[in-house]
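Engineer: Take a look at this one; I'll ask things after.
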Amino acid sequence: MNPTDSKPLEIHDLTVAYHRKPVLYGIDLEIAEGTLTGIIGPNGAGKSTLIKAIMGMIPSNGGWIKIFGKPAKKSFARVGYVPQRESVDWDFPVSVLDVVLMGRYGHVGWLRRVGKKDRSIACECLEKVNMLPFADRQIGKLSGGQQQRVFLARALAQESDLYLMDEPLAGVDAVTEKTIIELLRDLKNQGKTLLVVHHDLSTAKEYFDQLILLNMRLVAVGEVEKTFTRDLLQKTYGGRLTIFTEVAGQSAGVKEYDKETDSS
Amino acid sequence: MKGPFRFQWSQPRPALAWRVGLAWIILFLCALPLQGEQISSQGDSILERSHRFLTLSDESVRMVLLGTILMGLSCGVMGGLVVTRRLSLFGDTLSHAVLPGVAVGFLWSQSKDSWAILVGATVAGFLGVALISLLRKTSRIRQDSALGLVLSGFYALGICMLTRIQKMEFGNQSGIDKYLFGQVVGLSSSDLWTMAFSCLLILTLTILLYKELLVAGFDSEYARSIGRPVDFLQYLLWLLLAFAVITSLQVVGVVLVSALLVIPAATASLITDKMRAILIWSAMLGCMAGATGAFLSFLGNQLPTGPIIVLVSAVFFLWALFFHPQNGLFFKWLAARNRNQRISLENTLKAVYQELESINFQKETTSVSQLAKRRRIGMPQAHRETDALVARQYATIHPVEDKLAAPPRPTLLSLTPKGWGTACRIVRNHRLWELYLTNEARYAPDHVHDDAEKIEHVLGEETVRRIERILSNPKKDPHGKLIPSQQDIDRGFIA
Amino acid sequence: MSANRQTKEPFIPDFDPIDTFVTPWSTHADIAWNGQIVTMGILVSLACGLVGSFIVVRKLALMGDAISHGILPGLALAFIIMQSWALFPMFFGACVAGLSCSFCIEWLQKKSILKPDAALGVTFTTFFAFGVLLIAMYGGNAHIDAECLLYGEIGLIPLAENLSLAGIDLGARPIVSMFVVTILVIISVTVFYRQLLVSSFDFTLAKTLGLPVTLIHYGLMLLLALTIVSSFEAVGVILVISMLIFPSVTAVFFFSRMPAILFCSLPLSFVYSFGGFFLARWLDCSIAGAMVLVASVCFALGWAFGPNGGLAWQLLDRLNDKPGNKNARSEGCAVEGQ
Chain A
15 MNPTDSKPLE IHDLTVAYHR KPVLYGIDLE IAEGTLTGII GPNGAGKSTL
65 IKAIMGMIPS NGGWIKIFGK PAKKSFARVG YVPQRESVDW DFPVSVLDVV
115 LMGRYGHVGW LRRVGKKDRS IACECLEKVN MLPFADRQIG KLSGGQQQRV
165 FLARALAQES DLYLMDEPLA GVDAVTEKTI IELLRDLKNQ GKTLLVVHHD
215 LSTAKEYFDQ LILLNMRLVA VGEVEKTFTR DLLQKTYGGR LTIFTEVAGQ
265 SAGVKEYDKE TDSS
Chain B
761 MKGPFRFQWS QPRPALAWRV GLAWIILFLC ALPLQGEQIS SQGDSILERS
811 HRFLTLSDES VRMVLLGTIL MGLSCGVMGG LVVTRRLSLF GDTLSHAVLP
861 GVAVGFLWSQ SKDSWAILVG ATVAGFLGVA LISLLRKTSR IRQDSALGLV
911 LSGFYALGIC MLTRIQKMEF GNQSGIDKYL FGQVVGLSSS DLWTMAFSCL
961 LILTLTILLY KELLVAGFDS EYARSIGRPV DFLQYLLWLL LAFAVITSLQ
1011 VVGVVLVSAL LVIPAATASL ITDKMRAILI WSAMLGCMAG ATGAFLSFLG
1061 NQLPTGPIIV LVSAVFFLWA LFFHPQNGLF FKWLAARNRN QRISLENTLK
1111 AVYQELESIN FQKETTSVSQ LAKRRRIGMP QAHRETDALV ARQYATIHPV
1161 EDKLAAPPRP TLLSLTPKGW GTACRIVRNH RLWELYLTNE ARYAPDHVHD
1211 DAEKIEHVLG EETVRRIERI LSNPKKDPHG KLIPSQQDID RGFIA
Chain C
11 MSANRQTKEP FIPDFDPIDT FVTPWSTHAD IAWNGQIVTM GILVSLACGL
61 VGSFIVVRKL ALMGDAISHG ILPGLALAFI IMQSWALFPM FFGACVAGLS
111 CSFCIEWLQK KSILKPDAAL GVTFTTFFAF GVLLIAMYGG NAHIDAECLL
161 YGEIGLIPLA ENLSLAGIDL GARPIVSMFV VTILVIISVT VFYRQLLVSS
211 FDFTLAKTLG LPVTLIHYGL MLLLALTIVS SFEAVGVILV ISMLIFPSVT
261 AVFFFSRMPA ILFCSLPLSF VYSFGGFFLA RWLDCSIAGA MVLVASVCFA
311 LGWAFGPNGG LAWQLLDRLN DKPGNKNARS EGCAVEGQ
């Protein structure tokens, strides 16, 4: 753990707009060290945008962001990013080990080559995600879940203090999901801070300690018990999504109120 | 690396040497007919000319060889970087787009000064690339249209300028032809210096920035997140590409440069799927094509070097496409054909077994006409299948009269022990699989036959043991037919 | 055209309006000569523009480039075998070469692990190299001017022999063949308009509607090959691609519906041809190159000022949407409160 006064992540009044459409307004956020926080919200709510804005990949139209007290562009070394798998060229001639080694580039620097120590760290990380036997395989020749585990290993190899993950559990099989969640919990116990965009409401309460409910603006932030309530979820997902309301209600362990007899 | 063959192609180097040797021999033989037309002028025979070339006695030979090798290296390495990023056609566009730059360089220096042309062409190339990105960002024009626009627009500008220059005092025919088609003969030492400079720059930057280029090409978002400037690397790539293009202009000409960027790299991508290996193979193939092309065009008199180099690299490409041990189309076709033959034989054997079974194994022979009926094929086909069985020693034929068959062909056949073993195995596989599907996977008994027809040919012995264990060594299949056991196979008959 | 290579000429010659615009049309002979040139230019632009509109929409622009390079060996072989520029062997050879190039590309894309763009790049460059080699080896003593192949010499079209049918003198061979091809293109595009449209925009829908999509594709390829073959004498193998692409991408900045875009090929073809002719007359350079330059200028104008997505209008839109302006939309906000 790094002894530092500044929090891993502080955001003040962040506003982001794509062309003319605002996507995030007035976001205020503080994340404490050693927490596992999930971000949930409907599609188009700006969850990925928030992560990208924190990484400095999208310009903001207002407000500021500080990572460990410094702006994003100065904090590369301490932040590990696991993006959605969109910008990847699966046919690129890199093996699984090559991909994990990319996580060490931040430590190796520009003109040097990757060394033995980096290689052994990479192999350890592959071992943690149970992908070491596949080290020599070209990255495109794996299943979706296996690919996601490799990307996680890459993030681990970075040895960052703050991890930002964009839907790491989307489209993966059950075994992979379990492996990933265990790893995330491990990281948290080591004192790392994790901020994870999550796609599945039904497991959000189980996986995370803290939740951020986002729908273009911050609906709620805090402990899972306090934020995962029917009211707040309804506010986040909008009254029009009644299925979500039901699921949210059931997940929150609250009985369905009968509208006619509800007197509160 | 396992294939259907007994050779083990272990490392690249022995395979490389083998291929190089063979390719040279073939190309040399192809070059012979070229001699008929061209031999008259110099009065040398092929051997004398080869000797002159290989001993590097002519200075022009040395210059040309050096030029083509430098070009092969530059284009090979850049090609590898470009093809793996799916930018093959950018190389083509760039090679056309540099033409106005060449013209400007020409104008500016009032002569064929290589450095001025290098600068001019680089600037033109950059403008072209910048224009493509601008078009993509600000309009709905698609990438391929944008490439076509810039390619032809810049090229037209270049042509206009060059045809204009032709009419001016210092312009002359050869200066322009040189850039359109390449003219190795006119290579000066200053040209070679610019080529060497470009080549060195490309190699150095590629080696130093290898991992940055790797991560930026594979996952640009991630690359940004770890602080690698993806856009800068992209521009660097364009710059190096422009250098490679300009280096090659004089050897192969504007139009064929893109061939040398794409073909060796494409060949490399057929051979391996690791980036480092692709770059190395691509560079080597480029050099070999360059040197071989230079040699061949030297043998034939006044043959343009450019197209020959391109065709040589195309030969390498076709070789890798068809004859690569793992992915070669020829081997895949051969494997498929062998597999189909095997399946056909096994189906015939199965039919023979079923015939014998239908008479309760009372006799050991069955007739070809019965086989034809069971297989529902015509007699000629049945005879072909029987002959195939005999050829593989799965069965023997007994000459006997049979009123149904066309005389005088023999028509009774019986299985050899080898044939019997295979027939039993296939039938066993089929029936075991049907039983497995009905019992374990709860298929209806009438749904299992088609599946078993396919699976029976690919079930391995170990899987068969496992299924037998799961089903507790069954004796009958879902339709009540007997499943042959290992003892039946060994005995040679069903008890 | 001035062929005076001895006087010291500046790079950009002086612009003399009379010499550029009026002199070409002063005598009968001149009108006949230059008229043929301009007519050829119009026909080429029109045919290429029509076929090209569909090619662009189907993202086959670079396939068009590939075919235009791929016809070279066919042309060379036809010439070598027949020892002259006879019409039918040339057409036949070029079409066969062009279509086999396209076929090889698609075969490679399907059967090998090569990416589509690499397959394209490998095939057409090999075909082209083969063509260049054939010309260098066997065409040297017959009048193939390699540069003519590369960028055409439309100025020499009137020199070509005249075709005659049933005793009627139809005019220079290239113009006649181009005319026939243009008519063919116009008819095909009109008659098969709906099929081409649907299969271009929504391949799956076309299949479910029972359209013979493969046939349409190869029909279009054939039309493309014919157009390229008949145009190459005017603009050369490499600049054909510009005649194919420029008209429709320029038109897109003004119209968004296909019939209008197709129709634009007609006025644009006049602009390209006349503009190119006068530009080349002034600069004394290759006419085909000049035509493409004019096309580029038209494109640049469309890109900058066209009402349908032109830069000027985009800028205007952005200025109208400064922060604090009511135009800013905000969709998808959650329902406030309960």
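Chains as they are written, first to last, in my numbering: chain A, 15 to 278; chain B, 761 to 1255; chain C, 11 to 348.
C-beta: ideal position from N, C-alpha, C; glycine also.
1) List the whole-angstrom C-beta distance separating residue 74 of chain A from residue 30 of chain A, where the pair is believed to meet the contact cut-off of C-beta under 8 Å.
2) In chain C, which residues lie less than 7 Å from residue 1043 of chain B when you measure between Cβ atoms?
3) Does any C-beta atom of chain C lie closer than 7 Å to the C-beta of residue 1064 of chain B?
4) Would you check if the distance between the CB atom of residue 251 of chain C and the CB atom of residue 26 of chain C is smaller than 7 Å?
5) Please determine, among B:898, B:976, B:1091 and B:972, the residue with the shortest C-alpha to C-alpha distance to residue 263 of chain C.
6) Report all residues from its chain with a CB closer than 6 Å to the CB of residue 277 of chain A; omit the five preceding and five following residues, and keep chain order.
7) In three-state terms, what does DSSP make of residue 44 of chain A?
8) Please classify residue 28 of chain C: is it buried, with 16 or more other beta-carbons within 10 angstroms of its beta-carbon, or exposed?
9) Is the Cβ-Cβ distance between residue 299 of chain C and residue 835 of chain B less than 7 Å?
10) Below 8 Å on the Cβ atoms is my guess for residue 236 of chain C versus residue 105 of chain C; work out the distance and round it to an integer in Å.
11) Can you list the residues of chain B that residue 321 of chain C reaches, using a CB-CB cut of under 9 Å?
12) Taking only the alpha-carbon atoms, compute the straight-line gap between residue 307 of chain C and residue 917 of chain B and give it to the nearest angstrom.
13) Expressed to the nearest angstrom, what Euclidean distance is found between the alpha-carbon atoms of residue 340 of chain C and residue 59 of chain A?
14) So which residues of chain A does residue 1038 of chain B contact, with C-beta pairs closer than 8 Å?
15) What did DSSP end up calling residue 1143 of chain B once you bin it into helix, strand or coil?
16) Please specify which runs of the alpha helix (DSSP H), each continuous and at least 4 residues long, are wholly inside the stretch 257-310 of chain C, giving them in chain order.
17) Reducing DSSP to helix, strand and coil, say where residue 794 of chain B ends up.
18) Using DSSP with H/G/I as helix, E/B as strand and the rest coil, what is residue 1233 of chain B?
19) To the nearest angstrom, report how far apart residue 983 of chain B and residue 992 of chain B are at their CA atoms.
20) Under a CB-based cut-off of 7 Å, is residue 91 of chain C close to chain B?
21) For residue 832 of chain B, would you say it is in contact with chain C, using Cβ-to-Cβ distances shorter than 7 Å as the test?
22) List the residues of chain A that residue 977 of chain B touches, going by C-beta distances under 9 Å, in chain order.
23) Could you work out which residues of chain B lie near residue 90 of chain A, taking near to mean beta carbons separated by less than 8 Å?
24) Taking the beta carbon of residue 229 of chain A as the centre, do at least 16 other beta carbons fall within 10 Å, making it buried, or is it exposed?
25) List in chain order: all unbroken alpha helix (DSSP H) runs of 4+ residues lying wholly within the stretch 93-158 of chain C.
26) Beta strand (DSSP E) containing residue 1174 of chain B: first to last residue?
27) Taking the continuous beta strand (DSSP E) assigned at residue 31 of chain A, which residues delimit it?
28) Quick check: the stretch 119-126 of chain C against the stretch 1001-1013 of chain B, are at least 3 beta-carbon pairs closer than 8 Å?
29) Near residue 1249 of chain B, which residues of its chain fall below 6 Å by C-beta distance, leaving aside the five closest residues on each side in sequence?
30) Using the C-alpha atoms, what's the distance from residue 135 of chain C back to residue 255 of chain C?
31) Who are the neighbours of residue 1033 of chain B on chain A, taking C-beta pairs under 7 Å?
32) Does chain B have any CB closer than 7 Å to the CB of residue 97 of chain A?
33) Determine, using beta carbons only, whether residue 225 of chain A and residue 52 of chain A come nearer to each other than 7 Å.
34) Use the C-beta contact count for residue 207 of chain A: other C-beta atoms within 10 angstroms, 16 or more gives buried, fewer gives exposed.
35) Pairing CB atoms from the stretch 122-131 of chain A with CB atoms from the stretch 180-200 of chain A, are three or more of them under 8 Å?
36) State buried or exposed for residue 1051 of chain B, treating a residue as buried only when at least 16 other CB atoms are found within 10 Å of its CB.
Structural biologist: Quick answer:
1) 5 Å
2) Those do not exist, as residue 1043 of chain B stays about 17 Å from chain C at its closest Cβ, beyond 7 Å.
3) yes
4) no
5) B:898
6) For residue 277 of chain A, the predicted structure reports a pLDDT of 41, less than 50, and the residue's modelled location is therefore unreliable. The matter cannot be settled from this model.
7) strand
8) exposed
9) no
10) 7 Å
11) 898 and 899
12) 11 Å
13) Reliability fails at residue 340 of chain C, whose pLDDT of 37 lies under 50, so the model's placement of it is uncertain and no value is given.
14) 107
15) helix
16) 268-293
17) Confidence is the limiting factor: at residue 794 of chain B the pLDDT is only 43, short of 50, which leaves the residue's position unreliable, though a coordinate-based value still follows. Note: residue 794 of chain B maps to helix in three-state DSSP.
18) coil
19) 12 Å
20) no
21) no
22) 103, 106 and 108
23) 985, 986 and 987
24) buried
25) 97-121 and 126-148
26) 1172-1175
27) 23-32
28) no
29) 1181 and 1184
30) 20 Å
31) 107 and 152
32) yes
33) yes
34) buried
35) no
36) buried
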